[in-house]
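Protein chains: 2
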Amino acid sequence: MINVMIQSFNFARIPHIIFGAGKLRELYKIFPKFGNNILIVVGGSSLKRYGKWDEIISMLEDKSINFFSISVSSEPSPALIDECAQKFRNKNIDLVIGIGGGSVTDAGKAISAMIPKPDSIKNYLEGIGNKTHDGRKIPYIAIPTTSGTGSEATKNAVISEVGPNGFKKSLRHDNLIPNVAFIDPELMISCPMSITAACGMDAFTQLLEAYVSSKGNPITDALAFSGMKYISRNIISACSNGASNIEVRTSMAYGSLMSGITLANVGLGIIHGLASPIGGFFKIPHGVVCGTLLAEATKMNIKMLQEQGPAGKGALKKHAKIGALLISENFKEEGDIDKYCSILIEILDNWTQELKIDKLGKYGIAKEDVDKIVENAGLKNNPVKLSKENINAILINRI
Amino acid sequence: MINVMIQSFNFARIPHIIFGAGKLRELYKIFPKFGNNILIVVGGSSLKRYGKWDEIISMLEDKSINFFSISVSSEPSPALIDECAQKFRNKNIDLVIGIGGGSVTDAGKAISAMIPKPDSIKNYLEGIGNKTHDGRKIPYIAIPTTSGTGSEATKNAVISEVGPNGFKKSLRHDNLIPNVAFIDPELMISCPMSITAACGMDAFTQLLEAYVSSKGNPITDALAFSGMKYISRNIISACSNGASNIEVRTSMAYGSLMSGITLANVGLGIIHGLASPIGGFFKIPHGVVCGTLLAEATKMNIKMLQEQGPAGKGALKKHAKIGALLISENFKEEGDIDKYCSILIEILDNWTQELKIDKLGKYGIAKEDVDKIVENAGLKNNPVKLSKENINAILINRI
């Protein structure tokens, strides 16, 4: 039988994973491993509204755990991280916990990395500062309350400054992968429909981009495919009549976790390459950017791969496998590649409509902005080279 | 669509993986991260015979790296580990490297864990000593030269004392997972046919047992399935005309790595539950024990699962999926469960014959020994309960 030769690869690391509905009640069991002086970074009010925050507080008090807490209500900026790191630099923090959506878990990750440093995070951001972070940090536990960013398993924290000269850049080091990814799908039950939809599309985007990445390897392939299986069978339900079904939320949480693990180990494609400048220039949720571009970008990638002829066959076949997965079939015959690629595009289009994913225009992005976005887009690990015109067309269709 | 509910799970950790043909030439690049005083644990003579050892030595000398080396020529005993740990306890070793088959990589793992301890490894072995290892160790890099044990990714080192009161027990701690699993399939090209066969069967056994384990989770399922795919398509070839084909060896090395990762994260079934007492009482390679029992034990598990009725359906379906994989088909219909289970058994039987896996009798194991072996067998994570008579029957058929 014919092998596809496994190319050389590195696989960095994954966090220790604790996964399961109701696990939050056992959170205190892991504290002794790290120490007793804890900084908790939490999000806005949704945890508080649903009583989960009170549950956490009384657990900590019951166990006589010392803790500080700070609230983060938007995507973290350099100023926010600097202020928090400064405040807790001399407090002998043993452990940082971030509990919330991707902004919060990224903020916690960045704070845990900046407490041991004397200066501003700006000095260490990719493409912004001129220092390299050495990976020294306070141990960090990420507890996601949305299923989307996979930040609980990634080695970077995304930091943004929004505006005409804005940016969305990463603090990145292998050692910033959280020590523990603590995932309790019960925390996601109260996540509203629009956020569940945008986050679910973000997770699926990360999985798809990792699966077809030019840097993929058999480990990331296996995990990305497994994640796509769970997300694809639950994303519509999670945003409708299954929103409070714990099996549905568990499947989404698992898929999101896989998206983080695979994203941390292989680069991403054009969608994330566009999300970075768009998120820097405009105030728009990251999940919406990914969700709104997913079908269009996939359509363009498939088209350009088809034009490549034999060289594009491998990546096309992978797109076909995803198409087959989405209708619970199995891709077997080379002759079926085009059929399943079309199915993939069709279903992604359907999701975009059914989940009511906003277009970019709603967030003030206009045709005149497209050139500047394209200028700043990256596509390092996209499965096929795209021209500026190609990228332009993806955006124009979603303004 | 119907979900199978994801049950709670923990996923411990995996090593940093560096994988690829020819990677050994870049080994020196990772030394600076750990330090410059290195202890290398190597196997018998095969590395030396094929010139690879000279290559390593000259690389180390070129880069002015301080190193000691010790040879391990059989499965490690407590006395061997104690002697080596004692010898290097005051040598300020920064890094231990184990390069060889499973015995050697396990020996290196145990030595790296025992250098920081003042006493004998016997005190820390499961079921033998009364102390618990705390996970403190010298950083450790495992470089396998066979595709079989997956020791490069596991958290335990198997230590044996062979004889009538013999044992085969583990030193185990999450932190004993190697810091780096460094896998260069070129090192496996010279592995002889009989060892390639036994190790390949061991790897497949670990993957199959992890996949049907009662403790399995979607991550181990995805990785075990991926590993079985690569092993099943290459095991016969690796032991015949593909022995010096780097693609074939690369696929086997990948499958073996997956077997280690999954084994480290879920328990194993009856085959490994029997390998432990058999390996303690008799001098027989671990891979031969697994290989010789694989088809018989799988046959018995399937039979008992079928007798269970509806409760056994989930695990039977997983066996059917493997059967389908082995003939490059896809399991879809409940009605096909029995068909694919039969195919699985048939192919494992074929492998056992084609790869000339020895029976137990060849190593002095007789019918009279069976009761004592059964008495000491474990089957904690086997997908179905087996009676002593069931286990007895598995063994009798392979004496």
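As they're listed, the protein sequences go chains W and P.
Just so we're aligned: the first sequence equals residues 1 to 399 in the working numbering.
Just so we're aligned: the second sequence equals residues 400 to 798 in the working numbering.
Here a beta-carbon is modelled for each residue, glycine too, at the ideal position from N, C-alpha and C.
Inside the stretch 542 to 622 of chain P, DSSP marks whole beta strand (DSSP E) runs of 3 or more residues at positions 555 to 560, 566 to 571, 579 to 582, from first to last along the chain. Straight through space, the alpha carbons of G279/W and E482/P are spaced by roughly 60 Å. Under the Cβ criterion of 8 Å, N791/P is not counted among the residues facing chain W. Contacts with chain W (Cβ-Cβ distance below 9 Å) from the stretch 656 to 672 of chain P involve L656, M657, I660, listed in chain order.
P543/P places its beta carbon 8 Å or farther from that of P414/P.
For R13/W, the nearest beta carbon of chain P is closer than 8 Å to its own beta carbon. For the 8 Å CB-CB criterion, A315/W and S256/W do not form a contact. Of all residues in the stretch 200 to 232 of chain W, only N217, P218, I219, D221, A222, L223, F225, S226, Y230 place a beta-carbon less than 8 Å from a beta-carbon of chain P. Considered as a whole, the stretch 422 to 453 of chain P harbours 430 to 433, 445 to 448 as its complete alpha helix (DSSP H) runs of no fewer than 4 residues, in chain order. When the five nearest sequence neighbours on each side are left out, the beta carbons in the same chain lying within less than 6 Å of the beta carbon of S476/P are those of E560, in order along the chain.
The Cβ of G419/P sits closer than 8 Å to at least one Cβ of chain W. For H133/W, no chain P residue has a C-beta closer than 9 Å to its own C-beta; the minimum C-beta separation is roughly 15 Å. Between I322/W and L208/W, the C-beta gap is smaller than 8 Å, which places the two residues in contact.
The alpha-carbon separation between T751/P and E695/P amounts to approximately 10 Å. Against chain W, the beta carbon of F408/P has neighbours under 8 Å at I17, F19, G20, listed in chain order. The beta carbon of C638/P is closer than 6 Å to those of M592, T595, A596, L754 in its chain, skipping five residues each way along the sequence.
Against chain P, the beta carbon of I6/W has neighbours under 7 Å at T649, S650, Y653, listed in chain order. Bounds of the alpha helix (DSSP H) holding I742/P are 736 to 753. Buried is the label assigned to Q605/P, since at least 16 other Cβ atoms lie within 10 Å of its Cβ. For E646/P, the nearest CB of chain W lies under 8 Å from its own CB, placing it at the interface with that chain. Take S58/W, set aside five residues on each side of it, and no residue of its chain has a beta-carbon closer than 7 Å to its own. DSSP places H532/P outside both helix and strand once states are collapsed to three, so it counts as coil. Partner residues in the beta bridge of N10/W, as assigned by DSSP, are I417/P. Only residues of its own chain outside the window of five on either side were considered, and among them F730, D735, I736, Y739, C740 have a CB closer than 7 Å to the CB of A719/P, listed in chain order.
N555/P is the residue among N555/P, K568/P, L423/P, E460/P whose C-alpha sits nearest the C-alpha of N574/P. Contact annotation, I97/W with I141/W: C-beta distance approximately 5 Å; criterion of less than 8 Å satisfied.
Closest in alpha carbon position to I302/W, among K385/W, K283/W, R136/W, is K385/W. Beta-bridge partners of V495/P (DSSP): L438/P, Y539/P. About 6 Å separates the Cβ atoms of M657/P and A623/P, confirming a contact at the 8 Å cut-off. No Cβ-Cβ contact shorter than 8 Å links I634/P with N781/P. N616/P counts as buried, since no fewer than 16 other beta carbons sit within 10 angstroms of its beta carbon.
Inter-residue distance for C199/W and K779/P is about 39 Å (C-alpha atoms, whole angstroms). Rounded to whole angstroms, the separation of the alpha carbons of L305/W and S226/W is 24 Å. With 16 or more other Cβ atoms inside 10 Å of its own Cβ, A552/P counts as buried.
Rounded to whole angstroms, the separation of the alpha carbons of R632/P and L423/P is 26 Å. Here the alpha carbon of N92/W sits roughly 39 Å from the alpha carbon of V289/W.
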